[in-house]
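Novice: I'd like to ask some things about the structure below.
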Ligand SMILES: [Zn+2]
Ligand SMILES: [Zn+2]
């Protein structure tokens, strides 16, 4: 409320409405709206709701009309000496300026309280921001370390898959070797049991040149599946196979089987 504002506010703390029509003024320089004045001052003894002063005097509480009629204004101070007129006017003005001053103080108090609240909120907000920032930094660090772990896993995975491919290649190579040897062995087995022209060459050493040369090469491979391989060989005629790889025995006793 500024000085220019020509309206006072009800001093009842929860009301603070702009006064109009009738108002209740007190000797302790407080003013209330018609509703609160009539309610509060109907009790006895009357107590000011703003400052708790006891208002027991005859003129301690006055219900006054805020916009008096022309007739009232013309008659109320008529006949009084100028100094009394001025005294009355000065007291009325003092009442007004006190109200304005009180309102000013109240506004300043509200402002400073709002500023303090604002500062407190800013402080809380800053703290929250700082903790969020810390949290964010921590999370960024966590992400970076997780990325490192992921890179490490990727590297390991590529290593393992590389090794797997290498093993596969070895396996394919050995499988090919195994298949070719088995095929050869089957051919030799057939040659051993069925009489055919090539059978004669076996004793002369011609067949020996064609097949056994590769056998030691295979045997030196150290393939893990040796047992499997030889069990197959036995079934298909492993004994014949070893006869091929032993030239001295072949020469001497070509048809004696190895046990
Ligand atoms: Zn009121
Ligand atoms: Zn009062």
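In the UniProt record's numbering, the protein residues as written are 1 to 259. Where is the CB? At the ideal position from N, CA and C, for every residue including glycine.
(1) Might you give, ordered along the chain, the residues of its own chain that have their beta carbon closer than 7 Å to the beta carbon of residue 140, omitting 5 neighbours on each side?
(2) Just the Cα atoms here: how many angstroms apart are residue 12 and residue 99?
(3) Checking the sheet assignment: what are the DSSP bridge partners for residue 65?
(4) Determine which residues share a DSSP beta bridge with residue 54 and list them.
(5) Smallest Cα separation from residue 29: which of 18, 59, 38 and 6?
(6) Using only the heavy atoms of ligand 1, determine whether one of them is closer than 8 Å to the beta carbon of residue 35.
(7) Go ahead and pull the three-state DSSP assignment for residue 85.
(8) Mind checking which residues open and close the alpha helix (DSSP H) that includes residue 74?
(9) For residue 95, does the three-state DSSP call read helix, strand or coil?
(10) Look at the alpha carbon of residue 164 and the alpha carbon of residue 190, and state the distance between them as a whole number of angstroms.
(11) Could you check the C-alpha separation between residue 154 and residue 136 for me, to the nearest Å?
(12) Who sits around ligand 2, taking every residue whose Cβ is closer than 6 Å to one of its heavy atoms?
(13) Whole angstroms are fine: how far does the CA of residue 96 sit from the CA of residue 7?
(14) So does the region 62–69 actually touch the region 14–32, counting three or more Cβ pairs closer than 8 Å?
(15) State the DSSP-derived secondary structure class of residue 59, mapped to helix, strand or coil.
(16) Provide the residue span of the alpha helix (DSSP H) that contains residue 37, from first to last.
(17) What do you reckon, is the C-beta of residue 64 under 8 Å from a heavy atom of ligand 1?
(18) To the nearest angstrom, how far is the alpha carbon of residue 263 from that of residue 35?
(19) Kindly indicate which three-state DSSP category residue 136 falls into: helix, strand or coil?
(20) Please state whether DSSP places residue 221 in a helix, a strand or coil.
(21) From this set, 93, 134, 87 and 107, which residue's C-alpha is nearest residue 16's C-alpha?
(22) Using a threshold of 8 Å, is the CB atom of residue 22 nearer than that to any non-hydrogen atom of ligand 1?
Specialist: Working from what's here:
(1) none
(2) When the Cα atoms are used, residue 12 and residue 99 turn out to be separated by approximately 13 Å.
(3) 22
(4) Beta-bridge pairing links residue 54 to 47.
(5) Comparing Cα positions, the closest option is 59.
(6) yes
(7) helix
(8) If you look at residue 74, you'll find it in the alpha helix (DSSP H) that goes 70–75.
(9) helix
(10) 38 Å
(11) 26 Å
(12) 26, 28, 30, 48, 50, 51 and 53
(13) Taken atom to atom, the span from the alpha-carbon of residue 7 to that of residue 96 is near 10 Å.
(14) yes
(15) coil
(16) 34–40
(17) Using a cutoff of 8 Å, the CB of residue 64 does not count as near ligand 1, since none of the ligand's heavy atoms is closer than that.
(18) Shown here, the chain extends from 1 to 259; a query on residue 263 therefore has no answer.
(19) helix
(20) Legend: pLDDT at residue 221 = 44, less than 50; position of this residue unreliable, value from coordinates given subsequently. It is coil, neither helix nor strand.
(21) 107
(22) No, Cβ of residue 22 sits at least 8 Å from all heavy atoms of ligand 1.
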